[in-house]
Ligand SMILES: Cc1cc2nc3c(=O)[nH]c(=O)nc-3n(C[C@H](O)[C@H](O)[C@H](O)COP(=O)(O)OP(=O)(O)OC[C@H]3O[C@@H](n4cnc5c(N)ncnc54)[C@H](O)[C@@H]3O)c2cc1C
Ligand SMILES: Cc1cc2nc3c(=O)[nH]c(=O)nc-3n(C[C@H](O)[C@H](O)[C@H](O)COP(=O)(O)OP(=O)(O)OC[C@H]3O[C@@H](n4cnc5c(N)ncnc54)[C@H](O)[C@@H]3O)c2cc1C
Ligand SMILES: Cc1cc2nc3c(=O)[nH]c(=O)nc-3n(C[C@H](O)[C@H](O)[C@H](O)COP(=O)(O)O)c2cc1C
Ligand SMILES: Cc1cc2nc3c(=O)[nH]c(=O)nc-3n(C[C@H](O)[C@H](O)[C@H](O)COP(=O)(O)O)c2cc1C
Ligand code: FES
Ligand code: FES
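Chains as they are written, first to last, in the numbering used here: chain A, 4 to 316; chain B, 4 to 316; chain C, -16 to 244; chain D, -16 to 244.
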């Protein structure tokens, strides 16, 4: 914890996501950082603004058969199928360690029905160490559930309402990019009472193995992530930030501090690092360093002064 | 023309797009091949299945101010703003040369209103050398027009009907990927009488120049193209091919014959080469060669035997 | 269990055959704690394409801070590594995964097929050190042709185990598959088989060991993104109908645990 | 107007300063038809990142099938080129664009600022060959510091034009901007100014030439994807409120044609 005391008071990197206070805007994206412990001996976890854990469902899920991932140009497709230990084992097996980290732990949740979202929220209520809930209404990998919620404003608002009503911590709703107008979904979610929106989840994609003429993924389709999707993510963050007044959390192809800062300029209050964790396990910490250096060099009073400062003439 | 006689009779690479007959499935994508003449001294244009010219509007368009392009990870953003000479000058200045090529010339058209689409179609009627019309209802670069048609099934069907009713050549409708469900748009366009659909146009994206905190493109947003978008394009071609019975033309990040063949396996009857023309001006001809070699090695009776042969179990 | 990301300098480049290459890397931290059967993830491009690291078994790890990888050119990433030069640096991440469980008290039979031989040199050396006498231990090394096998024979002969080589075409050593060769060795009942190679080979060995009631440890492959348990992308079917993750539950498994189709 | 895509072998690599490099390439077809002021597009990566070619003025083109480019490291693409080695091959596409219109019958004043000097060597040589006598022609070469200017002085001195050098800090040649230097030269009325450098410099030269009623040809830059008229991505504002395309209508324009802000 020394390091934090040393570095954080100056410069001021703090941001707020509703009632949730972060020491800096850098979080790790769900499904790309395990349950954090995997990274303990590779970086200083205490340096992070927050950790978002792998998506949790009410019951344990076995996930999709292999192959689950395939590399694409400057990106990758995944169809993990939301493999997870289920909310009960998550609480009993994973929370103790996470709680000990002393940084906000955000639990990413998903369900096949509003009822399931409600039940999982109830289960997380009062669990010590849970700083916020991120509602995944957008994961493209599971054929039922996920997708529908994220692509229909009414359903998106309904899920949000249901979770917000039951949750005793801030609720972040994670949006799907596979829609005609993401701002409309964001507005619906805001109307539903969300404390913040995070975007983007993966773009739905596909790859084919020509020699066998088979899909490269057992699930046929999967979620595209990595630098390839950054331009789409940046555009959506910008468009959503214009329309909603709740904080926007930017996600998509963030590899470096420059990438992160671009999202903040576009209107993001915080960001999440995903696929980059696979290529460089220290990516998230290095991004914190880079943002700190930028704030110092640019003589900003706070990183908050950079949010939404895109100069459009 | 020798080359054609030599190579084409065997193997059989011919495909049909409605009444339109192509000697092979390889065409060049609108806006990435100029008016073909630019490539005359770099490749053998007679080898192409067809050429799709830069999008043409009723009146000449000056296009967007610079910068119009910016490189992204494994792709690029463009906001050309549909600069073009207008349909009248196109016919008087460009058609003579194109006609002389002896390969199908497909005119990509766009408009701000159904009326404009109708007028431009009328103007192209009876023009010698025009083999088909590709209706761009999806170009994301012009703030009005484009986008709306491509994202709403009713409007997409309406434009299609209007153009089909007036056109004396096959009509291809080019779809936008920036939608929640592209299959629904494809079905609407099929219902409107389109002879084929082509997809995808560019994904809407954005880039920021951090030092100046300005958008990298004068138009702020632009269209993402290149290898980065291939997984999304392949997925959409696969989904659309499941739903419509008219031919599907695959576009998006096609660099090599392998890429092209994957789109055909996914259900495309033909393909278009776009951004790859900028990196390798001979890309389209090399893709024809690669497809020919593949058909020979795999001992296919015809390339048509490969269409939609994805093995999903 | 400590892991490191090191910018390892290439200090030796050996072109063993047209498409088999061995690299020696200065990688102090990884070399210091690596165990036989573990692997490393290596970045193959300076840009973002190809973006993912590539997994390679640790072929050797020396006490003087060096590791070796032995690889076959199979695509773009290994193609790029094949163009790397002595003096250049590679980003190496490891050591990763669970290696072989060495049974010092039992006879060992190491079986490597094709590139599956890669982890066996490190394992053989470790076993021969742990045991006073390895005279009753075997190494079976099979490949398609002479070219694939011959360049590595010297390294294995030095260890003092009984080396048996085989090639599919008989161009070197015995003719036939390692799975046939093992039958001819009349191994002691309590022998432990340590194997790495094509799935078909390992499946045959598994069946053989089941009949002979021998323990069989296999090192398997899968596609990987992170190599350290973060992405859950490296699953393979386990016996009980569930999945195991190759990168952190493996890559070495007891053959009994896995579902063999 | 013929253009070629060649896999050009790097036959010489000159590190002129920490971030200025000159490459000599074996590129027969391009060298044979290149004209001063034209440029080439070069692939900088083997993979797909960075994906676009990078444009570079033709610094020299020799009758023995060689071309040179002179470039400054400004980002990833030029950074990759800076790591290329003699013997490696680069995909070079060109010659592209419209070069300078040489007026054999008129005095010439070539002005290069910073990297803008790149096309001037080729131009100077061509002019000196076309004319019997270049003694009244000038070359003004300005840079930020001595390091930027000195390494190229030799090449220019050999041509036989009057070479005037200048640096912003006075560390070499005259102190000041080339736009100040040109005022001191009392050039003949009918002199043609051929310029390449920062926009600010070329704008000043344009104003100077308007006053002096001299013709001013400038080589300008823009971002580019194709370099040959296919993408329409390289537009810049022209005087008449329309746009011109740098890659095929330029990169050399009569300064009068352009809109100077
Ligand atoms: C734990 C482990 C240890 C390995 N050890 C070695 C070794 O010591 N020597 C060696 O030569 N190879 C080893 N491999 C395989 C090696 O990782 C792949 O050959 C390599 O990743 C191919 O990369 P590429 O870019 O050249 O091929 P690509 O162009 O990526 O693909 C070419 C072929 O390689 C396969 N492949 C691609 N990535 C992987 C991957 N991550 N895992 C398995 N197969 C893949 C593809 O399915 C395809 O069939 C190991 C794999 C694993 C999982
Ligand atoms: C006709 C023409 C001739 C040129 N001749 C030379 C030359 O002889 N020597 C030389 O050093 N440079 C020359 N340039 C500039 C050179 O092309 C850029 O410096 C180079 O493309 C930067 O690539 P990068 O990947 O290193 O930088 P990037 O990482 O791509 O970008 C770094 C900076 O370079 C700028 N840049 C990127 N691409 C281009 C581009 N296509 N055109 C202009 N600027 C760009 C970016 O805007 C950014 O500011 C020329 C440009 C043009 C258009
Ligand atoms: C392997 C993998 C697994 C993922 N699992 C989840 C998940 O469980 N829940 C979720 O909301 N997002 C999940 N995502 C999406 C990421 O959190 C992130 O939104 C997306 O990858 C885009 O960011 P990136 O480009 O930085 O990776 C996953 C992504 C990857 C690559
Ligand atoms: C510079 C540029 C200009 C384009 N202009 C048009 C156009 O005028 N009309 C159109 O329908 N599509 C246009 N497109 C989209 C392409 O035709 C193609 O659909 C898209 O680029 C995806 O293919 P690609 O990844 O192979 O480039 C343009 C694309 C680029 C890169
Ligand atoms: S490779 Fe990521 S969990 Fe195994
Ligand atoms: S760079 Fe493509 S038209 Fe000029």
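Beta carbons: idealized from backbone N, C-alpha and C, even for Gly.
Do we get a CB-CB distance below 8 angstroms when we pair residue 31(C) with the residues of chain B?
On the third chain, position 48 is the one that residue 31(C) refers to. Yes, residue 31(C) counts as interfacial toward chain B.
Check whether the Cβ of residue 79(A) lies closer than 7 angstroms to any heavy atom of ligand 5, and answer yes or no.
Here residue 79(A) is taken as the residue at index 76 of the first chain, counted from 1. With a cut-off of 7 angstroms, the C-beta of residue 79(A) is classified as distant from ligand 5, since no heavy atom of the ligand falls inside that distance.
DSSP three-state label for residue 209(B), please.
As a position in the second chain, residue 209(B) is number 206, starting the count at 1. In this structure, residue 209(B) counts as strand in the three-state DSSP scheme.
Give a yes or no on whether the C-beta atoms belonging to residue 254(B) and residue 236(B) are separated by under 8 angstroms.
Indexing the second chain from 1 puts residue 254(B) at position 251. Indexing the second chain from 1 puts residue 236(B) at position 233. Result yes, Cβ atoms of residue 254(B) and residue 236(B) sit closer than 8 angstroms.
Find out if the Cβ-Cβ distance for the pair residue 111(D), residue 143(D) is shorter than 8 angstroms.
Position 128 of the fourth chain, counted from the start, is the residue given in the question as residue 111(D). Position 160 of the fourth chain, counted from the start, is the residue given in the question as residue 143(D). Contact: yes.
Let's see if you can read the secondary structure: which residues bound the alpha helix (DSSP H) around residue 190(B)?
The count along the second chain starts at 1 and reaches residue 190(B) at position 187. Residue 190(B) -> alpha helix (DSSP H) spans 185 to 194.
C-beta neighbour in chain C for residue 28(D), strict 8 angstroms:
Start at 1 with the first residue of the fourth chain, and residue 28(D) comes out as number 45. It does; some Cβ of chain C falls within 8 angstroms.
Can you list, in chain order, the stretches of the beta strand (DSSP E) that have 3 or more residues and sit fully within the segment 80 to 122 of chain B?
Taking only runs of at least 3 residues, the beta strand (DSSP E) segments lying wholly in the segment 80 to 122 of chain B are 108 to 112.
For residue 13(A), is the classification buried or exposed, using 16 other Cβ atoms within 10 angstroms of its Cβ as the cut-off for buried?
Residue numbering aside, residue 13(A) sits at position 10 when the first chain is read from its first letter. Answer is exposed; the Cβ neighbour count stays below 16.
beta-carbon residue 215(C) near ligand 5 non-hydrogen atom, thresh 7 angstroms
Within the third chain, residue 215(C) is the residue found at index 232, counting from 1. Flag set: Cβ of residue 215(C) near ligand 5.
Which chain A residues are close to residue 265(B), counting only those with a beta carbon under 7 angstroms from its beta carbon?
Here residue 265(B) is taken as the residue at index 262 of the second chain, counted from 1. Here the neighbours are 211 and 213.
Heavy atom of ligand 1 within 7 angstroms of residue 37(C) beta-carbon
Position 54 of the third chain, counting from 1, holds the residue named residue 37(C). Residue 37(C): yes, Cβ under 7 angstroms from ligand 1.
How far does the beta strand (DSSP E) with residue 138(B) in it reach, from first residue to last?
Within the second chain, numbered from 1, the residue matching residue 138(B) stands at position 135. Residues 133 to 139.
Let me confirm a value: residue 20(C) is counted as buried when at least 16 other C-beta atoms fall within 10 Å, else exposed. Which label applies?
To locate residue 20(C), count along the third chain from 1; it is residue 37. Taking all protein chains shown into account, residue 20(C) has 16 or more neighbouring C-beta atoms within 10 Å of its C-beta and is therefore buried.
Could you check if residue 126(D) belongs to the surroundings of ligand 1, using beta carbon to heavy atom distance under 7 angstroms?
By 1-based counting over the fourth chain, the position of residue 126(D) is 143. No, ligand 1 has no heavy atom inside 7 angstroms of this Cβ.
Could you check whether residue 72(D) and residue -10(D) sit closer than 8 angstroms to each other, using their CB atoms as the reference points?
For the purposes of this step, residue -10(D) is taken as the residue at position 7 of the fourth chain. For the purposes of this step, residue 72(D) is taken as the residue at position 89 of the fourth chain. Contact: yes.
Provide the residue span of the alpha helix (DSSP H) that contains residue 61(C), from first to last.
Here residue 61(C) corresponds to residue number 78 of the third chain, with the count starting at 1. Counting along the chain, the alpha helix (DSSP H) containing residue 61(C) begins and ends at 59 to 64.
With a threshold of 8 angstroms between beta carbons, is residue 45(A) in contact with chain C?
Taking the first chain and counting its residues from 1, one reaches residue 45(A) at position 42. So, interface residue.
Member of 293(A), 273(A) and 113(A) whose CA lies at the smallest distance from the CA of residue 28(A):
Position 25 of the first chain, counting from 1, holds the residue named residue 28(A). It is 273(A) whose Cα lies nearest to the Cα of residue 28(A).
Residue 125(B) in three-state terms, based on DSSP
Here residue 125(B) refers to the residue found at position 122 when the second chain is read from its first residue. In this structure, residue 125(B) counts as helix in the three-state DSSP scheme.
Which ranges would you report for the alpha helix (DSSP H) in the segment 226 to 313 of chain B if only whole runs of at least 4 residues count?
233 to 246, 260 to 269, 279 to 282 and 286 to 300
Which residues in chain D sit within 9 angstroms of residue 284(B), going by Cβ to Cβ distance?
The residue labelled residue 284(B) in the question sits at position 281 within the second chain. By Cβ distance, chain D contributes -14, -12, 76, 209, 211 and 213.
Got a sec, what are the start and stop residues for the alpha helix (DSSP H) residue 185(D) sits in?
Locating residue 185(D) in the fourth chain gives position 202, where the first residue counts as 1. Element bounds for residue 185(D): 182 to 195.
Quick one: is residue 231(B) near chain A, going by C-beta distance under 8 angstroms?
Residue numbering aside, residue 231(B) sits at position 228 when the second chain is read from its first letter. Cβ-Cβ to chain A under 8 angstroms: yes for residue 231(B).
Is the CB of residue 77(B) under 8 angstroms away from at least one CB in chain D?
Within the second chain, numbered from 1, the residue matching residue 77(B) stands at position 74. Yes, contact with chain D.
Rounded to whole angstroms, what is the Cα-Cα separation between residue 50(D) and residue 8(D)?
Looking up residue 50(D) in the fourth chain gives position 67. Looking up residue 8(D) in the fourth chain gives position 25. C-alpha separation (whole angstroms): 5 angstroms.
Cβ of residue 261(B) less than 8 angstroms from any chain D Cβ?
Position 258 of the second chain, counted from the first residue, corresponds to residue 261(B). Taking Cβ atoms only, chain D never reaches closer than 8 angstroms to residue 261(B), which makes this a no.
When you compare only the Cα positions, how much space is there between residue 48(A) and residue 41(A)?
The residue labelled residue 48(A) in the question sits at position 45 within the first chain. The residue labelled residue 41(A) in the question sits at position 38 within the first chain. Their backbone Cα atoms lie some 10 angstroms apart in a straight line.
Counterpart residues of residue 92(C) in DSSP-defined beta bridges
Position 109 of the third chain, counted from the first residue, corresponds to residue 92(C). BP columns for residue 92(C) point to 121(C) and 176(C).
Alpha carbon of residue 148(B) to alpha carbon of residue 271(B), nearest angstrom
Within the second chain, the letter at position 145 stands for residue 148(B). Within the second chain, the letter at position 268 stands for residue 271(B). Caution is warranted here: a pLDDT of 44 is assigned to residue 148(B), below 50, making its placement in the model unreliable, and the coordinate value is therefore given only provisionally. Roughly 27 angstroms between the two C-alpha positions.
Got a sec, what are the start and stop residues for the beta strand (DSSP E) residue 200(C) sits in?
Here the question's residue 200(C) lines up with position 217 in the third chain. Residue 200(C) -> beta strand (DSSP E) spans 198 to 202.
What residues in the segment 48 to 68 of chain B have a beta carbon less than 9 angstroms from any beta carbon of chain D?
57, 65, 66, 67 and 68
Give a yes or no on whether 8 angstroms exceeds the smallest Cβ distance from residue 93(B) to chain D.
By one-based count along the second chain, residue 93(B) stands at place 90. It does not; no Cβ of chain D falls within 8 angstroms.
State the DSSP-derived secondary structure class of residue 31(D), mapped to helix, strand or coil.
To locate residue 31(D), count along the fourth chain from 1; it is residue 48. Here residue 31(D) sits in coil by DSSP.
Mind checking who residue 67(C) pairs with in its DSSP beta bridge?
Here residue 67(C) refers to the residue found at position 84 of the third chain. Residue 67(C) is not bridged to any residue.
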